[in-house]
Structures are given as structure tokens and as C-alpha cells.
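For the protein sequence lines, the chains are A and B, in the order given.
Position one of the first sequence corresponds to residue 465 (the numbering used here), numbered consecutively onward.
Position one of the second sequence corresponds to residue 465 (the numbering used here), numbered consecutively onward.
Protein chains: 2
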Amino acid sequence: MAAPEIPALLAMAFRVIMDHVHASLAVDGFDDVRPAHGFAFQYLSTHSQATAVELGHHLGVTKQAAVQLVDELQHLGYVQRVPHPVDRRSRVIMLTPRGWACIQRVVNLWQDTEIRWGELIGRERLNGLRQDLVTLIVDCSGGQPVALRPVW
Amino acid sequence: MAAPEIPALLAMAFRVIMDHVHASLAVDGFDDVRPAHGFAFQYLSTHSQATAVELGHHLGVTKQAAVQLVDELQHLGYVQRVPHPVDRRSRVIMLTPRGWACIQRVVNLWQDTEIRWGELIGRERLNGLRQDLVTLIVDCSGGQPVALRPVW
DNA sequence: ACAAGACGTCAAGCGCCTTGACCATTCGAG
DNA sequence: CTCGAATGGTCAAGGCGCTTGACGTCTTGT
């Protein structure tokens with residue numbers, strides 16, 4: 465362990481978790497999801513009526529790139545498109561059972577991680593860490609919501 | 465603020481910091497550094513005798529990609545190459561004064577951030593956070609050093 | 001009613017990365 | 001010492017994910 469700078473530690477911590485998550489997903493048959501997909505899943509799971517344009521905006525990419533990503537997820541069986549109930553130009557992106565199963569697996573893995581960490585540093589300290597991170601993020605972002613998307 | 469899941473918070477926190485850092489760098493005349501460069505700087509600043517192949521290995525890319533990155537940094541004036549003292553095949557990558565200045569600016573910005581956070585949640589809690597992150601990273605990585613490189 | 005705007009698509013191109021082949025130099029087993 | 005294997009670096013071709021630009025379809029606001 466070198467660099468005790470907190471920003472570096474944040475990056476390493478996230479990296480180490482997600483490496484583990486993707487390794488576990490691969491074992492469970494979700495070996496066709498790339499890291500970029502995760503950010504789409506995260507958005508789709510909390511926005512049931514999302515369109516490709518909205519997803520692109522959230523991810524910080526063009527609508528064309530978003531459509532391409534959705535095409536890929538659809539081909540892999542994680543999402544499907546249904547006609548928008550009122551807007552005939554648009555199509556709503558819906559997670560399939562397989563999509564939901566993958567998300568559930570990630571949530572479970574994150575929970576396992578938190579439990580493990582609770583044993584390591586104590587539940588109180590873990591909750592303190594969560595609380596502090598929220599405080600720092602809110603401060604840095606000026607209260608604006610922070611989009612969960614690739615950084616670099 | 466949605467998702468109180470710790471992994472998501474780690475990603476958001478890092479994102480919010482680095483957005484700020486890059487915005488500040490741009491103001492200070494370092495407007496030509498891309499996020500990917502930062503990981504190279506981080507390695508070069510701690511490995512004074514680094515070669516392109518070593519850098520590529522650290523970043524997890526091919527040597528060709530690493531050479532291309534170094535070419536770019538050299539063209540921008542952040543690094544220069546000098547003949548390797550003993551190996552005539554190899555060239556050592558050295559940071560220029562401009563390279564060091566950029567790194568120093570980032571270090572200063574990180575220190576400012578830590579000071580600001582110390583005021584927000586208290587120095588003790590901040591040190592606890594640092595300590596806990598180290599603990600968690602060491603646990604997840606099995607003690608292996610974690611390369612600081614892009615995650616996705 | 002109609003112009004302006006928004007969703008999605010098609011097409012072309014670019015940036016960063018990869019694979020594959022190669023040369024020059026160094027290493028190491030015999 | 002020698003010579004084959006391994007290593008640092010380069011050249012070339014191609015892929016993948018993204019961008020820009022233009023367009024058709026549908027919706028919205030005046």
C-alpha cells in the first residue's frame with residue numbers, strides 16, 4: 465500500500481470491489497456484461513420508463529451511443545423495448561427477467577461486501593464511513609445530484 | 465442523493481473530486497491533460513526509471529498503447545525520453561518541469577480537499593476514513609498492491 | 001395549422017486500443 | 001564464448017465505441 469491520499473484510496477476501493485463483482489458475475493453466467501453496462505443497469509433499475517435519449521443524457525454520451533448500448537443489451541437479453549404508451553416516436557427500455565436477475569446479483573454482492581466490511585471495521589464505523597462519504601459528495605457537488613457514470 | 469450503497473458512493477466521491485481537479489487544472493493552463501494521463505503521471509512520479517513497457521504493464525494496456533500515450537505526453541511537453549543508462553534498447557521516461565508542476569498542482573488540490581473535508585467532518589473522522597479505506601482495500605485485494613488505473 | 005422541437009435512425013469518421021510482425025539488443029544455458 | 005530465447009521498441013492494419021451531421025417521424029406550443 466503506497467499513496468495514502470484519499471482520492472487514490474477511493475479509486476482503489478471502488479476498483480477492487482468492481483473487479484470482484486465482475487468476477488463473481490462471470491461465474492454466475494453473467495459473463496457478457498461489461499463494466500459500462502453496469503451504469504446503464506443502475507439507471508434503468510431506478511427509471512422504469514426510461515428512453516434511449518434519457519439514458520444517453522444520464523451516461524453523458526450521445527443518443528446514438530446510447531441506442532447502440534441498448535441494442536447490445538437487448539441482443540444479450542438484458543433489456544427489451546416496448547412502444548411508448550403515449551409518444552409514438554419513442555420506445556421505452558424495460559429490463560427483462562435476466563436483466564433484473566443480474567442487478568439483483570450485484571446488489572447481493574454489494575450487501576455481502578458491506579457485511580464483510582462491517583465485520584472488519586465494525587458496523588458503526590462502516591455507517592460512519594457511508595455518512596461521511598455522503599457529506600463529502602454533497603459538499604463537492606453543491607447539492608447537485610451526481611450521475612453515476614464512468615469517470616475517465 | 466439516492467443510492468446509499470457504499471460502492472456507488474465511492475465512485476461518486478472519486479468522480480466529484482476528479483471533476484474538480486480537472487476543472488482547476490484547466491484554469492491553471494493544464495487544459496491539455498486528459499484523465500487517462502493522470503494515471504501515467506501517478507506512476508511516473510513514483511518510478512523515476514520507468515520505461516514504456518513498464519508503464520503499459522501498470523496501466524493494463526499493451527506496450528504499443530503505452531508508447532502512444534508517452535508520445536502524446538512528450539508532444540505536450542510533460543515528459544521527455546532519455547537513453548537508458550545500461551540498456552541500449554530502452555529509453556527512460558522522465559517528467560519535465562512542466563510535468564512535475566502539473567503533478568504538484570494535483571497534489572496541492574488533493575491536500576486542499578482533505579483540509580476542506582477535515583473542516584466538514586473533523587480531522588479525526590477523516591483519518592478514520594483513510595484508515596478504514598486502507599483496511600478494506602487490503603482485505604479485498606488479499607494484500608496485493610492495487611494498481612491505480614482506470615476502472616471501466 | 002404549422003413551425004419548432006424531440007425521439008430515433010443512417011452514415012461517415014475519429015480516437016484509442018488491440019493483434020501481429022519485425023528489428024535491435026540483452027540474457028542465459030551450454 | 002556462442003547462439004537461441006527473451007525483451008524493449010517500432011511499424012502497420014484493424015476493431016470497437018464514440019462523435020458529428022443529416023434526415024424522417026411524431027409531438028407540442030402558439
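Note that CB positions come from ideal geometry on N, CA and C, so glycine has one too.
Nearest-angstrom Cβ-Cβ length linking residue i and residue j, presumed shorter than 8 Å
i	j	result
tyrosine 542 of chain A	glycine 563 of chain A	4 Å
leucine 593 of chain A	aspartate 596 of chain B	6 Å
leucine 540 of chain A	leucine 474 of chain B	So it is not a contact: roughly 27 Å between Cβ atoms.
isoleucine 470 of chain A	glutamate 578 of chain B	6 Å
proline 468 of chain A	histidine 486 of chain A	About 27 Å separates the two Cβ atoms, so there is no contact after all.
histidine 484 of chain A	leucine 537 of chain A	About 22 Å; that fails the 8 Å criterion.
Bounding residues of the alpha helix (DSSP H) (the contiguous stretch that carries residue i)
i	result
proline 547 of chain B	Not the alpha helix (DSSP H): proline 547 of chain B falls in the beta strand (DSSP E), residues 543–547.
leucine 463 of chain A	Because residue 463 of chain A is not part of the residues shown, which for chain A are 465 to 616, the question remains open.
histidine 486 of chain B	470–491
arginine 587 of chain A	587–605
leucine 612 of chain B	Per DSSP, leucine 612 of chain B belongs to no alpha helix (DSSP H) and is neither H nor E.
alanine 514 of chain B	Counting along the chain, alanine 514 of chain B falls outside any alpha helix (DSSP H), and DSSP gives it neither H nor E.
Residue j beta carbon less than 7 Å from that of residue i
i	j	result
lysine 527 of chain A	valine 517 of chain A	yes
serine 509 of chain A	leucine 573 of chain A	no
threonine 560 of chain A	glutamine 544 of chain A	yes
leucine 523 of chain A	phenylalanine 505 of chain A	no
N-terminal and C-terminal residue of the beta strand (DSSP E) that residue i is part of
i	result
leucine 559 of chain B	555–559
Count the CB pairs spanning the segment 473–485 of chain A and the segment 603–613 of chain B that are closer than 8 Å, and state whether there are at least three. yes
On the three-pair Cβ rule with 8 Å, is the segment 505–514 of chain B touching the segment 546–565 of chain B? yes
Taking 8 Å as the threshold, find out whether the segment 563–582 of chain A comes into contact with the segment 572–583 of chain B through three or more Cβ pairs. no
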